[in-house]
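Novice:
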Amino acid sequence: MNVEVEIISKEIIKPFSPTPKHLRRHQFSFLDQINPPIYTSLVLFYEFNGKTPPTITEISKHLKKSLSEVLTLFYPLAGRLRVENHFVDCNDEGIPYLEGQVKPNCQLCDFLNDPVPDDLQKFVPFEAHDHNEFPLGVQLNMFECGVEASPLV
């Protein structure tokens, strides 16, 4: 099954409260320094089992608020990678948050019954081999049937 994801919005989610100045530089561990800089993707599928599924606006608002609160606790994720200097600049610049609509009229069961590995890449905010400065990215994808796929990269 050929799946397309139309990106309908992009924004940067920032931490709810600022990182203290003494925590602004997070050194890479030895293992971080010797490993190649690649992203590992995780795609989670959620099916709504209530009578009325929440709207994408409700889900998005809740997810963005939760991400902002979590980024305060896990402050290096809201910073920028400085790979050449082996540290994370914990500057609170935030993470990319994208929202997508899965097309064409795709049902989750259809997708899972005939999965195409390359199609999974369409659910994530950036490629595994990208070398950008973001430690984390989130993309909320809504299927027509009300199921959501939320990858973390």
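Each residue of the sequence shown is one higher than the one before, counting from 2 in this note's numbering. Glycine is no exception: its CB is placed at the ideal position from the N, C-alpha and C atoms.
Express the C-alpha separation of E48 and L141 in angstroms, rounding to a whole number.
Specialist: Taking the straight line joining both Cα atoms gives about 13 Å.
Novice: Could you tell me the boundaries of the beta strand (DSSP E) in which I14 lies?
Specialist: Looking at the DSSP string, the run of the beta strand (DSSP E) that includes I14 is E5 to I14.
Novice: Excluding the 5 residues flanking E1 on each side, which residues of the same chain have their C-beta closer than 7 Å to its C-beta?
Specialist: Within the shown structure, residues of the chain are numbered from 2 to 154, placing residue 1 beyond reach of any answer.
Novice: Looking at the structure shown, is E100 part of a helix, part of a strand, or coil, going by DSSP?
Specialist: In this structure, E100 counts as strand in the three-state DSSP scheme.
Novice: Can you tell me whether P116 is buried or exposed, with buried defined as 16 or more other CB within 10 angstroms of its CB?
Specialist: Answer is exposed; the Cβ neighbour count stays below 16.
Novice: Going straight from the alpha carbon of C110 to that of L45, what length do you get?
Specialist: Each residue's alpha carbon lies about 14 Å from the other.
Novice: Work out the CA separation of P54 and E145 for me, nearest whole Å.
Specialist: Going from the Cα of E145 to the Cα of P54 covers about 11 Å.
Novice: Decide if K52 is buried, meaning its Cβ has at least 16 other Cβ atoms within 10 Å, or exposed.
Specialist: It counts as exposed.
Novice: Which residues share a DSSP beta bridge with Q140?
Specialist: Note: Q140 sits in a beta bridge opposite L99.
Novice: Apart from the five residues on each side of it in sequence, which residues of its chain come closer than 6 Å, Cβ to Cβ, to I57?
Specialist: The answer, listed in chain order, is M143.
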